[in-house]
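Data block below; observations after.
In the working numbering, the protein residues as written are 28 to 935.
Here is the structure:
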């Protein structure tokens, strides 16, 4: 089955090669030479390519519409790095070329350092190079797939025009790699043509079409290639296309060139030699054809399209399968909307990292500013600051929720205070558990108590403040101490360079005083550093010193112990330190200044005792006090809280009762598996994109895709049914259509289907109006709606009953009821003209009625003065309609005959 692939429009010819894989591509338009469009002068748009805006593509990314994203350069990857869809990054240029084209403003080492960090942030991702030399120049691991050329597209070389052909975009601007100045020197006084996007070259022109380009390959006598060896391969796509046509190639020397001098072209670093060979070919068309024939054979042998497509499909399949494995591994736990100020060395960053391993996490919030980095002396981590999936704009959480992936609803909102505040507007509007984690309550108690009042569950890092919070009316407050991240803070070395080490702030006067006194007596090392470098300093120290501020239990306690060095710390009374760790077993506690110096001196002289304590302390924190442990504690508390709320709501028989999946009534699966051939019959054959609202398991859409429809998007409210539907449809959005906005552009769909769905909605008219903007002007709506005027319902009502069932007209999930006239009114009010109305008719109609009958009796009812259509209406249990948008042209064209009626009966 073809995959849905997103890519970016930097290079039409290469994208057209990718399209030959047979997958379905959506291509984001990019600005090239002042034009943000597909350059049809280079290639027509293939049938399996849809052009799309960046905004639309990103919305579809967050709905997981695409199976894979192919990035044509690093700018593309920066755009999608946080999207958890498998990615492939193509390297079209050498690293040397990228740096040179950028003005040599960055070193190779720094460029690679930043790129490797970006790649790490963009997992799952594979790297792909279009040549071995480009892979070697980057020095990165990845696949190599050289271009492939279909020789059947380029043939019929004639060489009638005694001129030289040059093809390429921005030749002058990219002289360093394309060798434009060399071309000018070689061709001085020789007639030539330049084709391509070259706004700074007055004599250059764009090919008028792909056919025009091929005609120029066919009719020019020869092709000149001057790609520069230090910055480019000895060929590019245009060179290979010229060879495939049968053109002789004259090329500047390049070790990776496919040209063999005198065999399939001429190649040399001697410009006069090349000029001589060009003149010779211009004079001898027979020689040109002979040389060109060998050039074509070279392309067929070395740049085959079959091998190109096979390799690409292997990489795509492997990427998708790997992505599915990763998704399966990560598809667990609660959905958490996590909000904090991004800062890589803060507790919140460690919490996020640990939480992602067991929860489905989306992050929101600002990033630490450069001004704050400078003020807090944190510039060393500037390059590690990364933005959130949803960036901070104005603090309005209602706007944040609109940016969440469709169908993704958080189970919990977790705010972590990192010391940099920002507004949380409309926090009350969040309909899930609201929790917060407050770290420095010992410094700003009143501020944090005010924050806590807005949350259902409050976690604090300082145990001593739990009692104070409860005394101020904060009921659900829990102590969650800080911790360590073994991957970052773990032991780095056994080589001890310093007697005592300290890493941290020097804002507390008492801490500074003690450090000064220690430095006078011992070999003390201090450095303002972070993350792995901090752990390295700790590991290189025989003893790590700590002094709390206002008796806080700080991060250094856990991070120092994780490094494998002995921690020498004050007791921080009431902090919980002595509840977690045993003095002289896991760490060493000093009670005053005199004892600090005595203990430091003793343990520096007694290596075995010191290292035994260090080892036991490291084992203790790694076994019990990592951020993975803390996150699990949080989740357990939140789940307990959630379960308690669920239980209360169920036992209380609340009107808005919510039940968990464990106690929910099982779904009637057959209800979601209906084929609906009657609905299918009304969908126009020419419709390419279809929206199926209430798609069930996607059986209808699957049939449509099998019949050639390009895309079927389903909307379904039941999560379990959505998972089944995803196996059948192009994309499935899980959510309530009355509450969500669709991530599609206006006029996107050819047809919108409401098959037995409008009667389930609170406000069906608003939904039809809302979705109307997504329908093309020529598009149609197809709907099936039960008829409440069905004679059996009237019978029941006369007998005093209105009994709901599991299905049918009185399905217990129906919220609205329609007659034929109400159906007509609904669509008229929504701005539609009904063009077809059909009915699923009870077979009894054909046995009890005739064409002249004006009255009818059933049960205790007799109805008189009925038209034939009114009688028939009593036996229609469901109407099927097709409607188009109202236009003056349409109304006048039909001359008052608003729609045609059809008889349709199918067993349901």
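Heads up, the beta-carbon is just placed ideally off N, CA and C, and yes, glycines get one too.
- CA-CA distance, residue 376 to residue 467, rounds to 16 angstroms.
- A Cβ-Cβ distance of about 5 angstroms is found for the pair residue 363 and residue 439, placing them in contact under the 8 angstroms criterion.
- By the Cβ test, the stretch 391-402 is in contact with the stretch 437-451, since at least three Cβ pairs between them sit closer than 8 angstroms.
- The Cβ atoms of residue 104 and residue 78 lie no closer than 8 angstroms to each other.
- Secondary structure at residue 109: coil, using DSSP grouped into helix, strand and coil.
- DSSP links residue 571 through a beta bridge to 528 and 594.
- Counting only the Cα atoms, residue 866 lies some 52 angstroms from residue 383.
- In the three-state reduction of the DSSP assignment, residue 65 falls in the coil class, being assigned neither a helical nor a strand state.
- The count of Cβ pairs closer than 8 angstroms, one atom from the stretch 132-140 and one from the stretch 228-240, stays below three, leaving the stretches out of contact.
- Between the stretch 790-806 and the stretch 762-776 there are three or more inter-stretch CB-CB distances shorter than 8 angstroms, so the stretches are counted as touching.
- When DSSP states are grouped into helix, strand and coil, residue 248 belongs to the strand group.
- Counting C-beta atoms within 10 angstroms of its own C-beta, residue 539 has fewer than 16 neighbours from the protein chains shown and is therefore classed as exposed.
- Just so you know, the alpha carbons of residue 346 and residue 263 end up roughly 26 angstroms apart.
- In the DSSP assignment, residue 188 falls within the beta strand (DSSP E) that extends over 188-194.
- Following the DSSP letters along the chain, one finds residue 761 inside the beta strand (DSSP E) bounded by residues 758-761.
- Within the DSSP bridge table, the entry for residue 52 names 32 and 76 as partners.
- Excluding residues up to 5 positions away in sequence, 778 and 809 lie with their Cβ nearer than 6 angstroms to the Cβ of residue 710 in the same chain.
- Comparing C-alpha distances from residue 484 to each of 497, 894 and 565 shows the shortest one belongs to 497.
- In the three-state DSSP reduction, residue 277 falls in the strand class (E or B).
- In terms of Cβ geometry, residue 322 and residue 276 form a close pair [threshold 8 angstroms].
- At the C-beta level, residue 97 and residue 117 come within 8 angstroms of one another.
- Below 8 angstroms, enough C-beta pairs join the stretch 560-570 and the stretch 504-520 to call them touching: three or more.
- Counting along the chain, the unbroken alpha helix (DSSP H) around residue 854 starts and ends at 847-856.
- Annotation for residue 49: 29 and 75 place their beta carbon closer than 8 angstroms to its own, counting only its chain and skipping 5 residues before and after.
- The residue among 826, 744 and 738 with its C-alpha nearest the C-alpha of residue 53 is 738.
- Burial state of residue 793 is exposed, judged by a 10 Å Cβ sphere holding fewer than 16 other Cβ atoms.
- Taking every protein chain shown into account, the CB of residue 829 has fewer than 16 other CB atoms within 10 angstroms, so this residue is exposed.
- When only Cα atoms are considered, residue 407 and residue 251 end up about 50 angstroms apart.
- Ranked by Cα distance from residue 644, the options 586, 598 and 656 are led by 586.
- In this chain, the beta strand (DSSP E) harbouring residue 95 covers 95-98.
- Comparing C-alpha distances from residue 339 to each of 665, 115, 490 and 759 shows the shortest one belongs to 115.
- Out of 594, 228, 119 and 577, the CA that lies nearest to the CA of residue 613 is found in 594.
- Assigned with DSSP and collapsed to three states, residue 362 falls in strand.
- Under DSSP, residue 719 forms a beta bridge with 741 and 780.
- As the crow flies, the alpha-carbon of residue 342 is around 36 angstroms from that of residue 372.
- Beta-bridge partners of residue 418 (DSSP): 392.
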